[in-house]
Structures are given as C-alpha cells and as structure tokens.
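Heads up, the thing below is written out as structure tokens.
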Amino acid sequence: MQAPSNPPSTDGWKNPSSVDEWIQWMKPPSLDEMMKADEYFSQHLLPPDPALESALENSKQSGLPMIAVSPVQGKFLMLLLKSIGAKRVLEVGLLGGYSTIWLARGIPDDGKVVTLELNEEFAQVAKQNIANAGLSSKVEIKLGAAADTLKSLDTSEPFDFVFIDADLESTATYFAETKRLVRKGGVIIIDNVNLLSRVSSLPADTDDSMVKAIRKLLEDIKDDGGKEVDATVLGLTGVKGFDGMLYAVKL
2 MQAPSNPPST
12 DGWKNPSSVD
22 EWIQWMKPPS
32 LDEMMKADEY
42 FSQHLLPPDP
52 ALESALENSK
62 QSGLPMIAVS
72 PVQGKFLMLL
82 LKSIGAKRVL
92 EVGLLGGYST
102 IWLARGIPDD
112 GKVVTLELNE
122 EFAQVAKQNI
132 ANAGLSSKVE
142 IKLGAAADTL
152 KSLDTSEPFD
162 FVFIDADLES
172 TATYFAETKR
182 LVRKGGVIII
192 DNVNLLSRVS
202 SLPADTDDSM
212 VKAIRKLLED
222 IKDDGGKEVD
232 ATVLGLTGVK
242 GFDGMLYAVK
252 L
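Take this note's numbering: the last position of the sequence shown gets the number 252, and nothing is skipped along the way.
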C-alpha cells in the first residue's frame, strides 16, 4: 500500500508522512468504535421506527438469537430493492422477521416477499412482527427445510431479488438453487461472508464448518467463470463487527 503524497486532513488526526504511519492511521477500528459509527449514521439516516424496534424486542423476549441484520444493513436492502424496481423477493432465513420487514417495505403494494424458515416457533414470532408492521399482505411464509423448499419452487415467476441469511453450512446449496429461481439481471445477496475475517485468515485445513462453507461458495463462483453470475463482496463494519455481504447478479 502506498501512502498518498498529500493525505486528506481530518480533524483530530495528524496527516501520516510515511507508509507505516499511514497503515497505523488506517488501522481497523475496535468493536466499540464500529458500534459508535453505526449509532452515528443511524441517528442521521434512520428515524425512530416503532415497528422495527418492537420486532427486535419481541424477538428478544421470545428467546430468538439476536443475529438479524443491523438497522443500517436493513435500510441498505430496502433501498436496493427500490433502486432495481423489485416486486418479487425471496428470503432464505426468516428468523424473527426483522429483515423481512425491511424487504417488504422495499417493494410496491402488489409485490411479494416469499420467506423460508425451518423453525416453526421463529415463524410464529415473525408472523406477529410482520403483522404489527402492517405488512402481512406482502409476505408469504413457507415452513420447512430451505433446501427442500427451494427445490419445490418453480421458475414460472422468477424472483427479482434473493436475500440469503440462514445456516452458513448450507450457503453454497442455497446459492445454487436460488440462481435457478432469480431472473436474468436479478440480484442475490448473501450475508455473513467475511465472519470477522476468518474466511480469509484461517488456515486452509481449518475444521470451522462455517468458514469451509463460505470458501466452497466462493470456489463455486470462481469456477463458474462469469457464465451464470458475477459477484463481489461488500465489506461491512458496525454493530455486528467486521463482516460482509456477497453481491451477485445473474447474467
């Protein structure tokens, strides 16, 4: 990495004069700093939202794992749907319906989010949260193992957008199936593909099943060679630490 000849001035910081100083200046933030950054952007870009706040609290009180997308990430998904004019959305991994609410808000009134969930208790909590947000008419919940449900879906009405945020061990399988179900030019987003840099930093022979699964996904995309999809990764920092989303487009 080569330091710029004239790095930008930042209040409270001394411009670095060498590569070593530049690297130190650009060192990764702590988790506390990431959380503060998320809070700062949220204060400016995300007004208070009783429906979303209620969904998180209801999920917590119901004992669901608190692993939903962050508010900033949720709004990114909503805006992305609006920007591509999506009407049909497929979600793999419902959990408590927090991300589903964001997705449903990103499509028109005659749009539909089809969301898959294995755990019936999670689905009941999500159903209540989605109803509280006034979005029940735009959401269809399908219970069962996602791999099986995906195989049962036909391509007569392809999806415009897919969001995969489920068990990481099955990510490559979900991706392979959703490629069949999304239209050409459609977008597939996969959450948690960085795993706090573990995907890139752990040794090749790691026994970490989640890391192995994401690496399998990346190898599959590499082997595709741009025939079916093209993809990149968006690095994300915030309340969930340092992670990332894979952004793929069907060709």
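Even for Gly, the Cβ is constructed at its ideal location relative to N, Cα and C.
Query: Extent of the continuous beta strand (DSSP E) to which L144 belongs; Result: V140 to L144
Query: C-beta atoms of A69 and G97 nearer than 8 Å; Result: yes
Query: Sub-8 Å separation of W197 and D244 beta-carbons; Result: Per the sequence shown, residue 197 should be read as Leu rather than Trp. Closer than 8 Å, so yes.
Query: Status (buried if at least 16 other CB within 10 Å, exposed otherwise) for P51; Result: exposed
Query: The region 88-103 / the region 117-133 touching (three or more Cβ pairs under 8 Å); Result: yes
Query: For E92, the residue or residues it bridges with in DSSP; Result: T116 and F164
Query: One or two residues paired with G245 in a DSSP bridge; Result: G236
Query: K185 Cβ short of 7 Å to the ligand NAD heavy atom set; Result: Here there are no bound small molecules, and the ligand NAD is not part of this structure.
Query: Start and end residues, alpha helix (DSSP H) containing I131; Result: E121 to N133
Query: Check whether T172 and I215 have beta carbons under 8 Å apart; Result: yes
Query: Residues near A232 in its chain [Cβ-Cβ closer than 7 Å; skip 5 each side]; Result: I222, L247, Y248 and A249
Query: Residue nearest to F1 in terms of C-alpha spacing, selected from Q74, P48 and K128; Result: With the chain covering 2 to 252 only, the question about residue 1 has no answer from this structure.
Query: Residue of R181, K128, I190 and E158 minimising C-alpha distance to E141; Result: K128
Query: 8 Å Cβ cutoff met for L78 and I190; Result: yes
Query: Buried or exposed (CB count within 10 angstroms, at least 16 for buried), S153; Result: exposed
Query: 8 Å contact criterion, which L1 and L104 should meet: CB distance rounded; Result: The question about residue 1 has no answer here: the residues shown for the chain are numbered 2 through 252.
Query: Exposure of G86, with buried meaning 16 or more beta-carbon neighbours within 10 Å; Result: exposed
Query: Neighbourhood of R106 by C-beta, 6 Å cutoff - its chain only, sequence neighbours within 5 removed; Result: M79
Query: Own chain, CB closer than 8 Å to L46, minus 5 neighbours either side, in chain order; Result: V73 and K76
Query: Cross-strand partners of V230 (DSSP beta bridge); Result: K251
Query: Element boundaries [alpha helix (DSSP H), containing R208]; Result: Correcting the residue type first, residue 208 is Asp in the shown sequence and not Arg. That residue, D208, is in no alpha helix (DSSP H); it is neither H nor E in DSSP.
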